[in-house]
Ligand code: DAH
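Numbering (the numbering used here), first residue to last: 66 to 409.
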């Protein structure tokens, strides 16, 4: 019996110390194989008496079973650790850096628009937009340009049908905003948007371009308010110290109307190729909102007044960044667009 105990103890110890499947297999052969100690114990049976045989046999069988169980247990443990080792080895490092996506930047026209919007938001204006497919009513009629007015020829446009067209100017947003205000004062809006005209495209003309319209209506609004506002805008857009000059002009929706020049930001007013030697650069059209425009929108033109202006965003961008061809804004050449990375 002692021998059985000894064999079992030794075998279990051996099994326990196995660290690989091969070692375990070896231990199985050593202890449970035909020439192993368990088999040897079995052989001892024949020398025992009839009474001793069953107890001893049982003892040896239990020993054999215990070793087999231990081997099985150990096998499971080794299998699990082999699996986790394999998993560890084959692990994919998902934290590895992937391909960096190429990020775009804001389009230069969006940059200028947003810059102007921010500027005016800072002065208490609201940003207003309107439809690009516009009614003749808001684009022309309410802007004091009746159906038979020759001024329509200057803005020959894309008609959808007799009443609808692609808006020719952001003044259409202005007339909508005036109507929306329902006679309530003050109105202070800045209106950016795309506009369309049937033009032959070249370095300075495009059938689609971008404008921004400014409108203020209130009590006692004067041309001086317009001048102060535009001076502020010119300083911010082209650098401090700009001067503003009004030249008489004509628009149907303003009276008086002016063409606004600012001192050249390249030469400071001395005269250079950008300002064609004049020292001045024309940046926009403006004026005092025509009484007809106010009245048509439901305002009493005797009790209030307003100023408005309309600027071409492309023109401002071209002047500011020295771009010589307007088509650059639309052909989406990334080499051109990328150069605006630095203007965040
Ligand atoms: N709508 C004019 C244009 O497209 C620009 C303009 C001039 C807008 C004077 C105005 C303004 O609001 O007062 O050429």
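Don't be surprised by glycine CBs; every beta carbon is placed ideally from N, CA and C.
Bear in mind that the values here come from a model prediction, so they are computed numbers and not experimental data.
Annotated as proximal: residue 275 and residue 379, with beta-carbon spacing under 8 Å.
In the three-state reduction of the DSSP assignment, residue 399 falls in the helix class, which pools H, G and I. Under the criterion of beta carbons closer than 8 Å, residue 400 and residue 271 do not qualify as touching, at roughly 20 Å. Sixteen is the threshold: since fewer than 16 other Cβ atoms of the shown chains lie within 10 Å of the Cβ of residue 338, the residue is exposed.
Comparing alpha carbon positions, the residue from 345, 177, 267 and 262 closest to residue 301 is 177.
In this structure, residue 316 has its CB closer than 7 Å to one or more heavy atoms of the ligand DAH. With respect to residue 142, residue 93 sits apart: the two C-beta atoms are not nearer than 8 Å.
Taking 7 Å as the cut-off, the C-beta of residue 322 counts as close to a heavy atom of the ligand DAH. Contact between residue 345 and residue 310 holds, since their C-beta atoms are separated by about 6 Å, short of 8 Å.
Straight through space, the alpha carbons of residue 153 and residue 191 are spaced by roughly 60 Å.
In this structure, residue 259 lies near residue 273, with their beta-carbon atoms less than 8 Å apart. Residue 311 has 325 as its beta-bridge partners, per DSSP. Counted as a single uninterrupted DSSP element, the beta strand (DSSP E) harbouring residue 348 occupies residues 345–354. Cβ neighbours of residue 244 within its own chain (closer than 6 Å, five residues either side excluded): 362. Assigned with DSSP and collapsed to three states, residue 119 falls in helix. Exclusion of the five residues before and after residue 321 leaves 288, 313, 352 and 353 as the residues of its chain whose Cβ lies within less than 8 Å of its Cβ. Each residue's CA atom was taken as its position, placing residue 220 and residue 298 some 27 Å apart. Boundaries of the beta strand (DSSP E) around residue 261: 252–261. Distance from the C-beta of residue 276 to the nearest heavy atom of the ligand DAH is below 7 Å. The beta carbon of residue 200 lies closer than 7 Å to those of 228 and 229 in the same chain, with the five residues before and after it left out. Residue pairing by DSSP places residue 370 opposite 283 in a beta bridge. Contact between residue 373 and residue 294 is ruled out by a C-beta separation of about 11 Å, above the 8 Å threshold. Excluding its 5 nearest sequence neighbours in each direction, residue 331 has C-beta neighbours in its own chain below 6 Å: 337 and 339, listed in chain order.
Residue 274 sits in a strand when the DSSP states are folded into three classes. Following the DSSP letters along the chain, one finds residue 103 inside the alpha helix (DSSP H) bounded by residues 102–108. With a threshold of 16 other beta carbon atoms within 10 Å, residue 189 falls short and is exposed. Proximity of the segment 249–267 to the segment 178–185 meets the contact definition, three or more beta-carbon pairs being nearer than 8 Å. At least one heavy atom of the ligand DAH is found less than 7 Å from the C-beta of residue 352.
With the rule of 3 Cβ pairs closer than 8 Å, the segment 113–127 does not count as touching the segment 76–92.
In the DSSP assignment, residue 80 falls within the alpha helix (DSSP H) that extends over 67–82.
Within the segment 146–201, the complete alpha helix (DSSP H) segments at least 4 residues long are 173–186, listed from N- to C-terminus.
C-alpha of residue 206 to C-alpha of residue 168: approximately 44 Å in a straight line. Straight-line spacing of the CA atoms in residue 74 and residue 108 works out to 19 Å. Residue range 229–231 is occupied by the beta strand (DSSP E) that includes residue 229.
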